[in-house]
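Sequence order for the protein chains is A and B.
For the first sequence, UniProt numbering begins at 1 and goes up steadily by one.
For the second sequence, UniProt numbering begins at 1 and goes up steadily by one.
Just so you know, even glycine gets a beta-carbon here, dropped at the ideal spot from N, CA and C.
Just below is one structure, and these are the notes that go with it.
There are 2 protein chains.
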Amino acid sequence: MGADNIRKMTLTKDILKQLNLFSEPELRQKLLEHCLLKSFEKDDVIVRQGQYIKVVPIVISGTIRVFQTKEDREILLYYVQPNQTCMMSLSACFYNNESPSQAIAMEKTQVLVVPTRFIAQWQKEYASWNNFVIKTFRNRYDELLHTFESVAFDHVDKRVLEYLQDRASIEAINRIEISHQQLANELGTTRVVISRILKQFELEGKVILHRKMIEII
Amino acid sequence: MGADNIRKMTLTKDILKQLNLFSEPELRQKLLEHCLLKSFEKDDVIVRQGQYIKVVPIVISGTIRVFQTKEDREILLYYVQPNQTCMMSLSACFYNNESPSQAIAMEKTQVLVVPTRFIAQWQKEYASWNNFVIKTFRNRYDELLHTFESVAFDHVDKRVLEYLQDRASIEAINRIEISHQQLANELGTTRVVISRILKQFELEGKVILHRKMIEII
DNA sequence: TCAAAACGGTATCAAAAGATACCGAAGTGG
DNA sequence: CCACTTCGGTATCTTTTGATACCGTTTTGA
Numbered sequence: 001m002g003a004d005n006i007r008k009m010t011l012t013k014d015i016l017k018q019l020n021l022f023s024e025p026e027l028r029q030k031l032l033e034h035c036l037l038k039s040f041e042k043d044d045v046i047v048r049q050g051q052y053i054k055v056v057p058i059v060i061s062g063t064i065r066v067f068q069t070k071e072d073r074e075i076l077l078y079y080v081q082p083n084q085t086c087m088m089s090l091s092a093c094f095y096n097n098e099s100p101s102q103a104i105a106m107e108k109t110q111v112l113v114v115p116t117r118f119i120a121q122w123q124k125e126y127a128s129w130n131n132f133v134i135k136t137f138r139n140r141y142d143e144l145l146h147t148f149e150s151v152a153f154d155h156v157d158k159r160v161l162e163y164l165q166d167r168a169s170i171e172a173i174n175r176i177e178i179s180h181q182q183l184a185n186e187l188g189t190t191r192v193v194i195s196r197i198l199k200q201f202e203l204e205g206k207v208i209l210h211r212k213m214i215e216i217i
Numbered sequence: 001m002g003a004d005n006i007r008k009m010t011l012t013k014d015i016l017k018q019l020n021l022f023s024e025p026e027l028r029q030k031l032l033e034h035c036l037l038k039s040f041e042k043d044d045v046i047v048r049q050g051q052y053i054k055v056v057p058i059v060i061s062g063t064i065r066v067f068q069t070k071e072d073r074e075i076l077l078y079y080v081q082p083n084q085t086c087m088m089s090l091s092a093c094f095y096n097n098e099s100p101s102q103a104i105a106m107e108k109t110q111v112l113v114v115p116t117r118f119i120a121q122w123q124k125e126y127a128s129w130n131n132f133v134i135k136t137f138r139n140r141y142d143e144l145l146h147t148f149e150s151v152a153f154d155h156v157d158k159r160v161l162e163y164l165q166d167r168a169s170i171e172a173i174n175r176i177e178i179s180h181q182q183l184a185n186e187l188g189t190t191r192v193v194i195s196r197i198l199k200q201f202e203l204e205g206k207v208i209l210h211r212k213m214i215e216i217i
């Protein structure tokens, strides 16, 4: 939320309706009173590594990519879709510290900006809010555990194939628009390794390689 | 909780006092009514990979090691100390599924066994319980994120040194009793790699190697 | 006591990944 | 249109880690 080019917009009931998360009318009223609607353009920085976080962004539309970097290496943690929020924001509500991760908008993205001071309080008062908090913690932990396990135990080629298949499955497509460098950034390795592996896959008849696009057979 | 050699013992107020987690007298009364005290010997299996979990074990004394395995490889997730619980138990309360991890007692260990059906309910009713749940989620996530980052970005030798230094620091000792194979199991690699790295450290004057013990200089 | 198991050191070889460099093709934007 | 950037293929070499084997020493437990 340190990005200078944030657009604050009017939060209305209609916009809030796009979130199918919170059922209590009283809570929805409080969201209208205390929260903002913000809009980001593609590639806008939402959270920087090391940044102190004062708000929890719940995605209404669009996608946020959360990742770790070290020197010139980068690895995906997760994507934040509509009706979701990011872990470092939620974490910061209960013990404010610096974000270990970065968050960037992948496309034009609208978020509901919730001040952190309400999170713990609303958790006690509203079941749907508590449910959201717990589900976020739980799902993000499971997801990270899965990623951790494959980084720890699997070779990169297996992880590449799994990534492509997951993505094809989720998006119900077989033509994945991604460059080799982007794929390297998702998996925490280098572009050359990815190119090498993908070429091997092409020779094995698993994929057809296009420029910035990979077709799964 | 599938281990056949569990010893059920009497849960008394005095034993419950060893936990400095829960402040409400009403909650402490409910813990006395609904929970059990169980005891494990060193090397007892507390949770198996793939097992469905019906209880949340809160450690009163002793230590539990939680880890992931794949084929004959193994990597530490975390240790559960007194006043703590494990993540797959807590996770199972909100959506029961198979444990992705294994848990083993590292020494004689006593745990408070809380049936999962009370977790979500008590979370709404007792602030200290909610605090425990949230803190567990948060701390375990942060911890896993840190481990993930070093597995993803650091070489094994760096991770070895960091492990040894962390352990020396936490235990306020400089003689760490661990075999090369155990260290390999903590870090998800092989014994030979560990031996090689440690030998290099010895040549560099960072450690002195003993049998089943490493002395940090 | 002694056989077996565990431990750790070392060697050899292989596989995986990284680092660097170069190049031709495609895309971008002034 | 054209200079520049991006993309991806490939080569070469290096580093890191893994796999396997062997061995001498120490520990364990019957």
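- Taking a Cβ-Cβ cut-off of 9 Å, A/Thr85 has no neighbours in chain B, whose nearest Cβ is about 13 Å from it.
- Residues of the region 167-184 of chain A with a C-beta less than 9 Å from any C-beta of chain B: none at all.
- Each of A/Leu187, A/Trp122, A/Glu177 and A/Thr12 was checked against the Cα of A/Ala152, and the nearest Cα belongs to A/Leu187.
- Nearest CB-CB separation between A/Pro100 and chain B: below the 9 Å threshold.
- By the neighbour-count criterion, in which 16 or more other beta carbons inside 10 Å mark a residue as buried, A/Asn97 falls on the exposed side.
- Between the alpha carbons of A/Arg65 and A/Arg167 lies a distance of about 14 Å.
- If you draw a 10 Å sphere on the C-beta of A/Pro57, you find 16 or more other C-beta atoms in it, and that means buried.
- Taking A/Asn185 as the centre and dropping the five residues before and after it, the same chain places the C-beta of Phe67, Glu74, Ile75 and Leu76 closer than 8 Å to its C-beta, in chain order.
- Listed along the chain, the chain B residues whose CB falls inside 9 Å of the CB of A/Ile75 are Phe148, Glu149, Ala152 and Phe153.
- Flagged as an interface residue toward chain A: B/Arg140, by a C-beta distance shorter than 9 Å.
- In this structure, A/Arg28 places its C-beta atom within 9 Å of the C-beta atom of A/Leu16.
- Per DSSP, reduced to three states, the secondary structure at B/Tyr78 is strand.
- Shown here for A/Gln81: same chain residues with a beta carbon closer than 7 Å to its own, the five before and five after excluded, namely Val59 and Thr63 in chain order.
- Of all C-beta pairs linking the region 94-113 of chain B to the region 34-49 of chain B, three or more are shorter than 8 Å, placing the two stretches in contact.
- Secondary structure at A/Leu11: coil, using DSSP grouped into helix, strand and coil.
- Any Cβ of chain A closer than 9 Å to the Cβ of B/Val192 would place that residue at the interface, and such an atom is absent.
- Take A/Cys93, set aside five residues on each side of it, and the residues of its chain with a beta-carbon closer than 7 Å to its own are Val56, Thr116, Ile119 and Ala120, in chain order.
- In the DSSP assignment, A/Gln68 falls within the beta strand (DSSP E) that extends over Ile64 to Lys70.
- Looking only at A/Tyr95, A/Ile216, A/Asp157 and A/Gln18, the smallest Cα-Cα distance to A/Glu177 is reached by A/Ile216.
- Secondary structure note for A/Gln181: its alpha helix (DSSP H) is the uninterrupted segment His180 to Leu187.
- Nearest Cα to A/Glu143 within the set A/Leu90, A/Arg159, A/Ser101 and A/Tyr78: A/Tyr78.
- Assignment of beta-bridge partners to B/Thr109 by DSSP yields B/Phe40.
- For A/Pro25, the enclosing alpha helix (DSSP H) covers residues Pro25 to His34.
- Taking 9 Å as the threshold, the shortest C-beta distance from B/Lys54 to chain A does not fall below it.
- Annotation for B/Leu90: the continuous alpha helix (DSSP H) segment containing it runs Met87 to Phe94.
- Taking all protein chains shown into account, B/Ala172 has fewer than 16 neighbouring C-beta atoms within 10 Å of its C-beta and is therefore exposed.
- Of the candidates B/Ile214, B/Met213 and B/Thr10, B/Thr10 places its Cα closest to the Cα of B/Val111.
- When secondary structure is reduced to three states using DSSP, B/Arg48 falls in the coil class, being assigned neither helix nor strand.
- Counting only residues of its own chain and dropping the five nearest sequence neighbours on each side, B/Leu19 has a CB closer than 8 Å to the CB of Ile58, Ile60, Pro82, Asn83 and Leu112.
- Taken through DSSP and simplified to helix, strand or coil, A/Ile104 comes out as strand.
- Close to A/Ser128, with beta-carbon spacing below 7 Å, lies no residue of chain B; the smallest spacing is near 12 Å.
- Per DSSP, the continuous alpha helix (DSSP H) segment holding A/Ile197 begins and ends at Arg191 to Leu203.
- Residue state for A/Leu16 is assigned as helix, using DSSP reduced to three classes.
- Annotation: the continuous alpha helix (DSSP H) that includes A/His146 extends over Ala127 to Phe153.
- A residue is called buried once 16 or more other Cβ atoms fall within 10 Å of its Cβ, and A/Gln200, having fewer, is exposed.
- Taking 9 Å as the CB threshold, B/Gly50 stays off the interface with chain A.
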